[in-house]
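The structure appears below as C-alpha cells.
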C-alpha cells in the first residue's frame, strides 16, 4: 500500500501543497477553518510530514532522545533502566511525544549523536544519564543549545536542568541500620567508579564508616553485571577478615552475591547480611528476599520527562531533587552470628 503524500492531502482538501505545508507546520498562510480541515484529512489518511520536511520547515520533531553509553547486554538485565524508560515513555506518550533510544560506545560517539539529531531536527531535546565529574557532554550540549535534562547530580550539570536523588543520605541510612544490628565489618560492591553517583556513594560510605569507627570497611568495584558482582563477592568472602554485611550498588549484583554466599556454605543472613540498591521484583523472588533500597523509579523517569518538556517549551526550569531511596528490611539482614 502506497504511503500517503502531501499531494494526497492537498487533492482531498482542494488546496495547494503549500497550503497543506503551512497547515501541518503551524505557519500562517491559511485560515483556521482550512487548517483544521487539512489536519483532519491528514489524520484520516494516515499522513505525517517526514523528518526532512520538519527540519526544512523548522517544525518540532515531537520526539526526545536518550543515548546510553552502556553495553547493550547490561541494559537488558538491569531493571533500573527499564523502569526509568517506562516512566519517561508514560509521560511522553501522554503529550504525543516519542522517545528515540540509541546505545553508543563512548562519549565521543554520544556527542556525535547529539550533533546529528539536532542538525537533522530528529529530536527537540535529550536526556543525559550516567553523569561524570567534569562531563564533556554538558559543555557540548550547552554549545549546541540543545534542550537537555540531566538525570543525576547534584552539581556538575552546568546550566542544564537536572533531576536527582540524594544517594548519600540513603547510603548513610543503610550503614547506620547495619551497625544498629551489630555489624562492624561492612563491605560495599560499587558500580563503575567513573560515574558521579558512584563517587557520591563511595564518599558517603567512607565518611559514615569513619564516623562510626568501622576500620575494616572496604569498597570493591564492579560493572553492575552479575558475573562481576559474583567475582567481587568471592574476593570479599575469601579474605581472612571477611565482612559480615555487604551493600551492593544494584539488585543484579546483590542476587549474584547471595548465590556466591550460598555456594560457599555461608548462611544468609546468619553468616552474611546483604543489602541491594534499587529494589525490584527480583529482590523479593529470591530466598531469602533481599533487604533493599528502593524508590519509585518510573515516577523518577516521568519527572525527568516533565522537566525536559518544560525546557523545550522555553519555561524556566531548575534542578529537581526527587525522592530519596528508602530502606526496606527483609530476610537477608539480621544481627551477625557470633564467630
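Numbering (full-length UniProt numbering), first residue to last: 1 to 339.
Every residue gets a Cβ at the ideal spot worked out from N, C-alpha and C, and that includes glycine.
This one's a predicted model, so the numbers in the text were calculated from it and none came from an experiment.
- Per the coordinates, the alpha-carbon of residue 299 lies some 11 Å from the alpha-carbon of residue 89.
- Closest option to residue 297, judged by alpha-carbon separation, among 245, 79, 6 and 257: 79.
- Check the Cα spacing between residue 46 and each of 281, 5 and 287: the tightest is with 5.
- The beta carbon of residue 19 lies closer than 8 Å to those of 10, 13, 29, 30, 34 and 38 in the same chain, with the five residues before and after it left out.
- Beta-bridge partners assigned by DSSP to residue 102: 67.
- Taking the CA atoms as reference points, residue 170 sits about 12 Å from residue 249.
- With fewer than 16 other Cβ atoms inside 10 Å of its own Cβ, residue 134 counts as exposed.
- For residue 150, the uninterrupted beta strand (DSSP E) run begins and ends at 148-151, by DSSP.
- Just measuring C-alpha positions, the residue of 224, 305 and 271 sitting nearest residue 278 is 224.
- Judged by DSSP secondary structure, residue 327 falls outside any alpha helix (DSSP H) and instead within the beta strand (DSSP E) spanning 326-328.
- Under the three-state reduction of DSSP, residue 312 is assigned to helix.
- Looking at the backbone, the Cα of residue 187 and that of residue 174 are separated by about 12 Å.
- The region 150-225 is shown to contain whole alpha helix (DSSP H) runs of 4 or more residues at 167-181 and 196-211, in chain order.
- Under the Cβ criterion (8 Å, minimum of three pairs), the region 156-172 counts as touching the region 195-207.
- Residue 150 holds the alpha-carbon nearest to the alpha-carbon of residue 136 among 287, 245, 123 and 150.
- Looking at the DSSP output, residue 291 bridges to 275.
- One alpha carbon belongs to residue 313, the other to residue 123, and they sit about 13 Å apart.
- In the three-state DSSP reduction, residue 125 falls in the strand class (E or B).
- DSSP places residue 246 in the uninterrupted beta strand (DSSP E) bounded by 245-248.
- Burial check for residue 7: the Cβ neighbour count within 10 Å stays below 16, so the residue is exposed.
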